[in-house]
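For what it's worth, the numbering used here labels the leading residue of the sequence shown as 975, then goes sequentially.
Here a beta-carbon is modelled for each residue, glycine too, at the ideal position from N, C-alpha and C.
Note that the coordinates shown come from a computational prediction; the quantities given were computed from them, not determined experimentally.
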Amino acid sequence: MNIIKEILYRIRGEYTTEKLISMGMKVGKNFGRLNGVILDPSHCWLIEIGDNVTMAPRVHVLCHDASTKQFMNYTKIGRVTIGNNVFIGAETVILPGVTIGNNVVIGANSTVTHDIPDNSVAVGSPARILCTLDEYIKKEQSRMSDSPVFGEDYTLRKNVSLEKRFEQKEKLDGKIGYID
975 MNIIKEILYR
985 IRGEYTTEKL
995 ISMGMKVGKN
1005 FGRLNGVILD
1015 PSHCWLIEIG
1025 DNVTMAPRVH
1035 VLCHDASTKQ
1045 FMNYTKIGRV
1055 TIGNNVFIGA
1065 ETVILPGVTI
1075 GNNVVIGANS
1085 TVTHDIPDNS
1095 VAVGSPARIL
1105 CTLDEYIKKE
1115 QSRMSDSPVF
1125 GEDYTLRKNV
1135 SLEKRFEQKE
1145 KLDGKIGYID
């Protein structure tokens, strides 16, 4: 099975997490790498990822920046360190030399150009601190008290029925909900 996975990734021009680890990348426990995540294969040994990290689709972690190559004949390189308990939203780009602390949420479509401290929520391009993680969680918990909340039986993991799909769609008309 791993050989087939490796071949499929190589056909798409990508590397499996296992291959990148064999090339020197460090990864902690419970790493969730969703579709299209690019972990700089040309300098993967400069990447360190902590425990309980999720990278949403199409996140790019870059340890090199070739913007200087044409003009200086050198490419910038730098380590990228991602702490524990971090969520990185879809389409985010993390540039060389960045450290993301523990307990951090990076919003979708952000460009992380500088270090992000522990217990932060950062968004934008370039990414800026929006609030603390505690403030964000309190805000979402308050919002959840007045929102539709769905169990795991409303997910593809539990083979959600057509009836529940329509029900969920109706209950989410004009509002945000939450799912287990």
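- One Cα belongs to residue 1086, the other to residue 1036, and the distance between them is close to 10 Å.
- Rounded to whole angstroms, the Cβ separation of residue 1039 and residue 1003 is 30 Å, and the two are not in contact under 8 Å.
- Within the same chain, Cβ atoms closer than 8 Å to the Cβ of residue 1103 are found at 1090, 1091, 1094, 1095 and 1096, the five residues on either side in sequence being excluded.
- In the DSSP annotation of this structure, the continuous segment of the alpha helix (DSSP H) that includes residue 1111 starts and ends at 1107 to 1118.
- As far as DSSP is concerned, residue 1046 takes part in no beta bridge.
- Where residue 1022 is concerned, there is no enclosing alpha helix (DSSP H), although the beta strand (DSSP E) around it starts and stops at 1021 to 1023.
- Under the DSSP assignment, residue 1007 falls in the beta strand (DSSP E) whose first and last residues are 1005 to 1007.
- Taking the C-beta atoms as reference points, residue 1046 is found no nearer than 7 Å to residue 1018.
- Per the coordinates, the alpha-carbon of residue 1105 lies some 32 Å from the alpha-carbon of residue 1127.
- Distance check between residue 1083 and each of 1107, 1119, 1108 and 1033 places 1033 closest, using alpha-carbon atoms only.
- At the C-beta level, residue 1109 and residue 1055 stay beyond 7 Å of one another.
- Between residue 1152 and residue 1134, the C-beta spacing is not below 7 Å.
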